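A.B. asks: Each residue of the sequence shown is one higher than the last, beginning at 411 in the working numbering.
Every residue, glycine too, gets a C-beta built ideally from N, C-alpha and C.
Computed from a prediction, not measured in an experiment: that's the story for all the values here.
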Amino acid sequence: MSNELFEQLDFVENPLFESIIEDLIHLKYSVVDGFFSEVEVQALRKNLMAKYEEDRFKKSAIGNRTNEEVDKTIRGDFILWIDENKTDIAEQFFFKKINELVQYLNRTCFMGILEKEFHYALYPKGTFYKRHIDTFQNDDRRKLSLVCYLNEDHWPIENGGELTLYLNKTPLDILPILGRMVIFESQLIEHEVKEVKASERLSITGWLKTR
Ligand code: OGA
Ligand code: MN
Numbered sequence: 411m412s413n414e415l416f417e418q419l420d421f422v423e424n425p426l427f428e429s430i431i432e433d434l435i436h437l438k439y440s441v442v443d444g445f446f447s448e449v450e451v452q453a454l455r456k457n458l459m460a461k462y463e464e465d466r467f468k469k470s471a472i473g474n475r476t477n478e479e480v481d482k483t484i485r486g487d488f489i490l491w492i493d494e495n496k497t498d499i500a501e502q503f504f505f506k507k508i509n510e511l512v513q514y515l516n517r518t519c520f521m522g523i524l525e526k527e528f529h530y531a532l533y534p535k536g537t538f539y540k541r542h543i544d545t546f547q548n549d550d551r552r553k554l555s556l557v558c559y560l561n562e563d564h565w566p567i568e569n570g571g572e573l574t575l576y577l578n579k580t581p582l583d584i585l586p587i588l589g590r591m592v593i594f595e596s597q598l599i600e601h602e603v604k605e606v607k608a609s610e611r612l613s614i615t616g617w618l619k620t621r
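(1) In whole angstroms, what separates the C-alpha of S596 from that of F546?
(2) For S613, verify whether its CB is less than 7 Å away from any heavy atom of ligand 1.
(3) Determine contact between the region 543 to 563 and the region 596 to 615, defined as no fewer than three beta-carbon pairs at a distance below 8 Å.
(4) Quickly, what does DSSP pair T574 with across the bridge? List them, please.
(5) In whole angstroms, what is the alpha-carbon distance linking I508 and E494?
(6) Thinking Y539 and V603 are a contact (beta carbons under 8 Å), I'd like their distance in whole angstroms, please.
(7) Does any heavy atom of ligand 2 sit closer than 7 Å to the C-beta of S470?
(8) Use the C-beta contact count for N624: other C-beta atoms within 10 angstroms, 16 or more gives buried, fewer gives exposed.
(9) What do you reckon, is the C-beta of H529 under 7 Å from a heavy atom of ligand 2?
(10) As a quick exercise: from K553, Y533, E501, D549, pick the residue whose alpha carbon is nearest that of V512.
(11) Tell whether a beta-carbon distance below 8 Å holds between K468 and F488.
(12) Report the three-state DSSP secondary structure of H564 (helix, strand or coil).
(13) Three or more C-beta pairs closer than 8 Å, one from the region 575 to 593 and one from the region 444 to 464: is that the case here?
(14) Locate the beta strand (DSSP E) running through T615, then write down its first and last residues.
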């Protein structure tokens, strides 16, 4: 069988991925509830908490890894990078779905995503991340930013910690509720994390990158 024919037979349209692509084309961002299953999200949440309690997180920095500095007036979260070669079961399910999305994007939109990087993040009460863009001056490989929220089921508005996307006209506030995933174009969308007023704000954040 020719490769081309095999590729066509092998392709199954995925409605969830299609709706993400539609959103990205028209809005430059997408908000998806239920990208991961309830069980997956709970397992990832447990993971995050366990690793945080083992004191493995470090104060986040600004700038990229070769050029970073800690500045609490800009961002106050604690992070732990995830090594895709040393994953546990919950992380394996996480990367399985992310890799499916990457393959789909590369195949249907020719996005040329070859690398990715993800970290856990925890924002203690009183912390925030000021308005910024996710690409660096000396490195524009980040194409898509992904944030998956791992908070408890109930996240009232009074808790703060909204992700605000600065779009053309009115800014959009997105509540970081359990299992919600936000995807947006790293080079285009300025955004911020509003101050967390109660509780701790948990997430996995990452980037899909070209080489
Ligand atoms: C980031 C970021 C958004 C969020 O880590 O760069 O903007 O909602 N995170 O956690
Ligand atoms: Mn950001």
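C.D. replies: By the coordinates alone:
(1) Sequence index remark: in the sequence shown, residue 596 carries index 186 (1-based). Sequence index remark: in the sequence shown, residue 546 carries index 136 (1-based). Cα to Cα, the separation comes out at about 10 Å.
(2) For the purposes of this step, residue 613 is taken as residue 203 along the sequence shown, with counting starting at 1. Correct: S613 has its Cβ closer than 7 Å to ligand 1.
(3) yes
(4) Within the sequence shown, residue 574 is the residue found at index 164, counting from 1. Bridge partners of T574: D583, E602.
(5) By one-based count along the sequence shown, residue 508 stands at place 98. By one-based count along the sequence shown, residue 494 stands at place 84. Each residue's alpha carbon lies about 11 Å from the other.
(6) On the sequence shown, position 129 is the one that residue 539 refers to. On the sequence shown, position 193 is the one that residue 603 refers to. 4 Å between Cβ atoms; contact.
(7) Numbered from its first residue, the sequence shown carries residue 470 at position 60. Incorrect: S470 has no Cβ contact closer than 7 Å to ligand 2.
(8) Residue 624 lies beyond the residue range present for the chain, which begins at 411 and ends at 621; the question has no answer from this structure.
(9) Locating residue 529 in the sequence shown gives position 119, where the first residue counts as 1. Result no, Cβ not under 7 Å from ligand 2.
(10) Within the sequence shown, numbered from 1, the residue matching residue 512 stands at position 102. With distances taken between Cα atoms, V512 lies closest to K553.
(11) Here residue 468 corresponds to residue number 58 of the sequence shown, with the count starting at 1. Here residue 488 corresponds to residue number 78 of the sequence shown, with the count starting at 1. Yes.
(12) For the purposes of this step, residue 564 is taken as residue 154 along the sequence shown, with counting starting at 1. Coil at H564, not helix or strand.
(13) yes
(14) For the purposes of this step, residue 615 is taken as the residue at position 205 of the sequence shown. Taken as a continuous stretch (DSSP letters only), the beta strand (DSSP E) holding T615 covers 611 to 619.
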